[in-house]
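Below: one structure, written as structure tokens.
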Amino acid sequence: MAQQVIDTPRVTEQTDTPAARVARRKAALQWVAVHALGIAAALFFVLPFVFVVLTSLMSDQQTLTRDLIPSHWEWSNYRQVWNTPGFLGWWRNTLVYAGLGTVLTVVSSLPVAYALAKFRFRGRNLSMMLVISMMMLPPQVIIIPMYLFWAKQLDLSGTLWPLIIPMAFGDAFSIFLLRQFLLTIPNEYLDAAKVDGCSELRTLLKVIVPMAKPGIAAVALFQFFYAWNDYFGPQIYTSENPGAWTLSYGLDSFKGAHHTDWNLTMAMTVLVMAPVILVFFFAQKAFVEGVTLTGVKG
Amino acid sequence: MSATYTLRSKRRRAALRALAFMSPWLIGFGVFFAYPLISTVYFSFTHYNGIDPPTFTGFKNWSYVFNDYPLFWPALRNTLWLVLVMVTCRVAFGLGIGLLITKIKTGTGLFRTFFYLPYLAPPVAATMAFAFLLNPGTGPVNSILEKIGISGPGWFTDPSWSKPALTLLAVWGIGDLMVIFMAALLDVPREQYEAAELDGASSLQRFRFVTLPNISPIVMFAVVTGIIQTMQYYTQPLVAGKVASGVIGGSGQQFEPGFPDKSTLTLPQLVYTLGFQTFNYGASCVVALVLFVLAMAFTALLMRRRGGLIQAGE
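Chain order of the listed sequences is A and B.
Each residue of the first sequence is one higher than the last, beginning at 39 in our numbering.
Each residue of the second sequence is one higher than the last, beginning at 4 in our numbering.
Here's what the structure looks like:
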């Protein structure tokens with residue numbers, strides 16, 4: 039009690055000068071302004087999701103009105119979409135493409151990234167430049183010969199193999215990202231492993247892989263989402279065979295077949311988006327780390 | 004003598020080791036990059052429909068694409084429009100959101116998640132959502148605009164609004180730029196702000212003379228990678244055009260690309276249309292090479308020896 043009495047004058051003396059009061063008021067105003075702006079921006083990013091979900095729960099009659107909120111919640115829309123012929127096949131195909139593709143990409147890209155980050159050899163800079171060039175190349179540039187190669191020479195069009203097999207031969211973006219990550223691992227660990235008599239392959243597996251887990255997780259996520267989101271690849275190679283369609287490609291044709299049924303189309307849209315958002319909540323950190331790595335100097 | 008010998012064999016062993024580790028990519032480079040690229044150049048000088056063997060025709064495809072193909076120049080113009088407006092909007096908005104998030108002190112994690120999520124939405128799904136949100140008749144956006152007394156535009160069905168609508172969709176997905184800018188902004192040395200404050204700099208001056216110079220490499224990086232991404236812009240304009248034009252039926256339906264009135268046509272779409280709808284592989288390869296030259300020119304900007312934004316070496 040006594041102490042408070044003693045303390046009080048000192049505190050007021052410090053904070054009650056006119057200048058301090060102005061500064062405090064300015065800080066409070068700024069706090070309000072920043073958060074108001076933040077909420078406005080957040081609405082811009084979130085409202086589209088909200089409207090999509092709301093519409094997915096409307097009756098098809100109500101989608102033809104200007105209502106924003108369903109008058110009756112039609113949960114059966116989701117059942118109806120789920121029972122679309124071939125829909126479960128699209129899920130399976132997407133999981134095969136994304137899952138198998140991710141594993142192959144990581145396994146084939148890691149040793150390349152390791153060599154580019156930690157080995158000294160002639161042609162290393164040139165190789166790195168070519169990796170970056172490949173990364174920046176629009177896929178359409180080489181699609182005609184690639185299509186002819188897979189469809190005419192190997193007779194694999196109508197399947198997912200033309201999309202999956204190339205991933206066993208290193209992916210430029212993944213190599214780039216992993217190399218950026220491996221550069222941050224101090225060489226002393228590698229030297230120590232070498233002193234202990236580890237071969238390069240053993241060093242990669244026993245020293246690098248455990249330390250590079252966050253980088254590997256980021257690459258795996260990016261590759262998984264790349265395949266999940268890919269539209270061009272499945273369109274080129276699987277359009278003729280609905281049995282090989284993926285969700286992203288199937289959604290497009292679903293809209294085609296259900297021209298005016300916005301409620302069903304939006305329910306399908308939610309189902310295609312949902313896994314991506316779910317995975318993000320479990321792996322937020324790896325994702326943000328990966329994005330940051332693409333933006334830093336190598 | 005023996006010293007140089009061991010040195011040489013050591014070097015050779017190092018080279019072989021690098022070769023072994025690089026082999027997956029070396030094969031990939033040859034089969035999925037070098038060979039198709041050379042083939043694209045070759046096909047661009049031939050008449051080829053995929054059935055009859057290719058016959059050499061010199062520059063006929065090139066002259067056809069540049070002089071007689073009615074979709075090439077609109078597509079190039081659209082691509083340049085998108086590069087100019089969409090990239091500018093994305094970078095400006097991404098930087099703005101990045102700045103905002105570094106200033107927000109309460110609920111930062113929640114805000115960051117909100118700003119980031121749209122970036123993850125699959126392009127087809129996101130485009131489908133926006134085609135619905137912006138549909139002129141019953142879409143929520145025009146409904147809300149109507150309530151406050153504005154009659155909304157036709158968005159994806161109006162040639163003068165379709166590209167702004169695509170820009171809106173692209174701005175919605177700036178989560179990646181936000182993260183990159185946020186990291187760069189947090190890296191700006193605090194002492195420089197303190198020094199500027201002591202000199203009496205206003206917050207605008209601090210942004211202009213401290214923040215911008217420090218993050219300018221990242222801004223440049225965002226601009227150049229944005230341009231390269233726009234060179235590949237394919238799924239969103241295609242799906243938006245398809246939905247807005249009301250194409251009914253499965254994959255077999257031929258879609259007139261660029262709806263409405265060629266306004267959403269981009270160069271990658273021409274590669275598809277020429278190659279896979281009209282089976283004019285030669286002309287398709289010409290457009291592909293135009294894309295290649297544009298993308299590589301900007302990639303070179305990223306990797307210039309000095310001042311490049313991505314460095315190959317150490």
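Glycine residues also receive a C-beta, built at the ideal position from the N, C-alpha and C atoms.
Quiz prompt | Burial state of Val308/A (16 or more Cβ within 10 Å) | solution = Taking the first sequence and counting its residues from 1, the one referred to as residue 308/A is at position 270. Counting Cβ neighbours within 10 Å, Val308/A comes out buried, since at least 16 surround it.
Quiz prompt | Contacts that Glu238/A makes with chain B (C-beta to C-beta distance below 8 Å) | solution = For the purposes of this step, residue 238/A is taken as residue 200 along the first sequence, with counting starting at 1. Chain B residues near Glu238/A: Arg20, Phe24.
Quiz item: Is Trp28/B close to chain A, meaning its C-beta is less than 7 Å from at least one C-beta of that chain?
Solution: As a first step, residue 28/B is located in the second sequence; it is residue number 25 there, counting from the start. By this cut-off, Trp28/B is an interface position.
Quiz prompt | Val86/B to Ile230/B span [Cα, whole Å] | solution = For the purposes of this step, residue 86/B is identified with residue 83 of the second sequence, where counting begins at 1. For the purposes of this step, residue 230/B is identified with residue 227 of the second sequence, where counting begins at 1. Roughly 6 Å separates the two Cα atoms.
Quiz item: Mind pulling the chain B residues with CB within less than 7 Å of Lys293/A?
Solution: For the purposes of this step, residue 293/A is taken as the residue at position 255 of the first sequence. Going along chain B in sequence order, the residues near Lys293/A (Cβ under 7 Å) are Met131, Val246.
Quiz item: For Ser195/A versus Tyr275/A, is the C-beta distance shorter than 7 Å?
Solution: Translated into positions along the first sequence, residue 195/A becomes position 157. Translated into positions along the first sequence, residue 275/A becomes position 237. Cβ atoms of Ser195/A and Tyr275/A: closer than 7 Å.
Quiz item: Taking one C-beta from the segment 173-182 of chain B and one from the segment 116-126 of chain B each time, how about it: are there three or more such pairs within less than 8 Å?
Solution: yes
Exercise. Following the continuous alpha helix (DSSP H) through Trp76/B, name the residue where it begins and the one where it ends.
Key: Reading the second sequence from its first residue, position 73 is the one you call residue 76/B. Note, Trp76/B: alpha helix (DSSP H), 75-84.
Quiz item: Any chance the segment 248-256 of chain A sits against the segment 210-221 of chain A, with 3 or more Cβ pairs inside 8 Å?
Solution: yes
Quiz item: In three-state DSSP terms, what is Phe59/B?
Solution: Here residue 59/B is taken as the residue at index 56 of the second sequence, counted from 1. Three-state result, Phe59/B: strand.
Quiz item: Rounded to a whole number of angstroms, what is the C-alpha to C-alpha distance between Leu102/B and Leu188/B?
Solution: Within the second sequence, numbered from 1, the residue matching residue 102/B stands at position 99. Within the second sequence, numbered from 1, the residue matching residue 188/B stands at position 185. Linking Leu102/B to Leu188/B through their CA atoms gives a straight-line distance of about 7 Å.
Quiz item: Nearest to Met172/A by CA position, among Thr105/B, Leu40/B, Leu19/B, Val242/B, is which residue?
Solution: Taking the first residue of the first sequence as 1, we reach residue 172/A at position 134. Minimum Cα-Cα distance from Met172/A among the listed residues Thr105/B, Leu40/B, Leu19/B, Val242/B corresponds to Leu40/B.
Quiz item: What whole-angstrom Cβ distance do Ile315/A and Met306/B have, given they're in contact under 8 Å?
Solution: Within the first sequence, the letter at position 277 stands for residue 315/A. Within the second sequence, the letter at position 303 stands for residue 306/B. Contact flag wrong, Cβ pair sits at about 35 Å.
Quiz item: Among Trp28/B, Ile218/B, Arg20/B, which residue has its Cα nearest to the Cα of Phe211/A?
Solution: Position 173 of the first sequence, counted from the first residue, corresponds to residue 211/A. When each option's Cα is compared against that of Phe211/A, the closest is Trp28/B.
Exercise. List the whole-angstrom C-beta distance separating Leu270/B from Leu294/B, where the pair is believed to meet the contact cut-off of C-beta under 8 Å.
Key: Along the second sequence, one-based indexing puts residue 270/B at 267. Along the second sequence, one-based indexing puts residue 294/B at 291. 5 Å between Cβ atoms; contact.
Practice problem: Taking only runs that begin and end inside the segment 143-222 of chain A, name each unbroken alpha helix (DSSP H) of 4 or more residues, in chain order. | Solution: 162-174, 181-186, 199-202, 210-221
Quiz item: Interface residues of chain B around Thr307/A at Cβ under 7 Å?
Solution: Along the first sequence, one-based indexing puts residue 307/A at 269. Within chain B, the residues placing a beta-carbon under 7 Å from that of Thr307/A are Ala128, Met131, Ala132, ordered along the chain.
Exercise. Tell me where the alpha helix (DSSP H) around Thr276/A begins and ends.
Key: In the first sequence, residue 276/A corresponds to position 238, counting from 1. Its alpha helix (DSSP H) spans residues 270-276.
Self-check item: At least three beta-carbon pairs within less than 8 Å, the segment 80-96 of chain B to the segment 214-233 of chain B
Solution: With a cut-off of 8 Å, the segment 214-233 of chain B and the segment 80-96 of chain B count as touching, because enough Cβ pairs lie within range.
Quiz item: CB Ser286/A to CB Asn267/A, shorter than 7 Å?
Solution: Your numbering for residue 286/A matches position 248 in the first sequence. Your numbering for residue 267/A matches position 229 in the first sequence. Against a cut-off of 7 Å, the Cβ pair of Asn267/A and Ser286/A comes out as a contact.
Quiz item: Taking Gly31/B as the reference, which of Trp120/A, Val150/A, Ala61/A has the closest Cα?
Solution: Looking up residue 31/B in the second sequence gives position 28. If we check each option's Cα against that of Gly31/B, Val150/A comes out closest.
Quiz item: What first and last residue would you give for the alpha helix (DSSP H) that runs through Cys288/B?
Solution: As a working mapping, residue 288/B is identified with position 285 in the second sequence. Cys288/B -> alpha helix (DSSP H) spans 284-306.
Exercise. Could you tell me which residues DSSP pairs with Ile49/B in its beta bridges?
Key: Along the second sequence, one-based indexing puts residue 49/B at 46. Here residue 49/B turns out to be Thr, not Ile, going by the sequence shown. BP columns for Thr49/B point to Phe59/B.
Practice problem: Output yes if chain B places a C-beta closer than 7 Å to the C-beta of Arg130/A; else output no. | Solution: By one-based count along the first sequence, residue 130/A stands at place 92. So, not an interface residue.
Quiz item: Is the beta carbon of Gln272/B less than 7 Å from the beta carbon of Leu241/B?
Solution: Numbered from its first residue, the second sequence carries residue 272/B at position 269. Numbered from its first residue, the second sequence carries residue 241/B at position 238. Yes, the Cβ-Cβ distance between Gln272/B and Leu241/B is below 7 Å.
Self-check item: Proximity test, Cβ basis, 7 Å: Trp300/A and chain B
Solution: The residue you call residue 300/A lines up with position 262 of the first sequence. By this cut-off, Trp300/A is an interface position.
Quiz prompt | Under 9 Å (Cβ pairs) to chain B, residues found in the segment 154-169 of chain A | solution = Leu154, Phe157, Arg158, Phe159, Arg160, Gly161, Arg162, Asn163, Leu164, Ser165, Met166, Met167, Leu168, Val169
Quiz prompt | Any 3 or more C-beta pairs closer than 8 Å across the segment 124-144 of chain A and the segment 196-208 of chain A | solution = yes
Quiz item: How far does the alpha helix (DSSP H) with Asn121/A in it reach, from first residue to last?
Solution: Position 83 of the first sequence, counted from the first residue, corresponds to residue 121/A. Looking at the DSSP string, Asn121/A is not in any alpha helix (DSSP H), and its letter there is neither H nor E.
Quiz item: If you run the structure through DSSP and keep just helix, strand and coil, what is Thr55/A?
Solution: On the first sequence, position 17 is the one that residue 55/A refers to. The answer is coil: DSSP assigns Thr55/A none of H, G, I, E or B.
Quiz item: Are the beta-carbon atoms belonging to Phe133/B and Leu172/B less than 7 Å from one another?
Solution: Translated into the one-based positions of the second sequence, residue 133/B becomes position 130. Translated into the one-based positions of the second sequence, residue 172/B becomes position 169. Yes.
Exercise. Could you pull the start and end residues of the alpha helix (DSSP H) that Met378/B belongs to?
Key: Nothing can be reported for residue 378/B, as the shown portion of chain B is limited to 4 through 317.
Quiz item: Going along chain A in order, which residues have a C-beta closer than 9 Å to the C-beta of Thr58/B?
Solution: Here residue 58/B refers to the residue found at position 55 of the second sequence. Under the 9 Å cutoff, chain A gives no residues; its nearest Cβ is about 16 Å from Thr58/B.
Quiz item: Just checking my contact of Ala243/B with Leu169/B at CB under 8 Å: how many whole Å lie between their CB atoms?
Solution: Here the question's residue 243/B lines up with position 240 in the second sequence. Here the question's residue 169/B lines up with position 166 in the second sequence. Confirmed, Cβ separation roughly 6 Å.
Quiz item: Quick one: what does DSSP say Met96/A is sitting in, helix, strand or coil?
Solution: Residue 96/A sits at position 58 when you count from the first residue of the first sequence. Coil.
Exercise. For Met223/B, decide whether its Cβ has a neighbour in chain A, counting only Cβ atoms nearer than 7 Å.
Key: Working through the second sequence from its first residue, we reach residue 223/B at position 220. So no, Met223/B is outside the interface.
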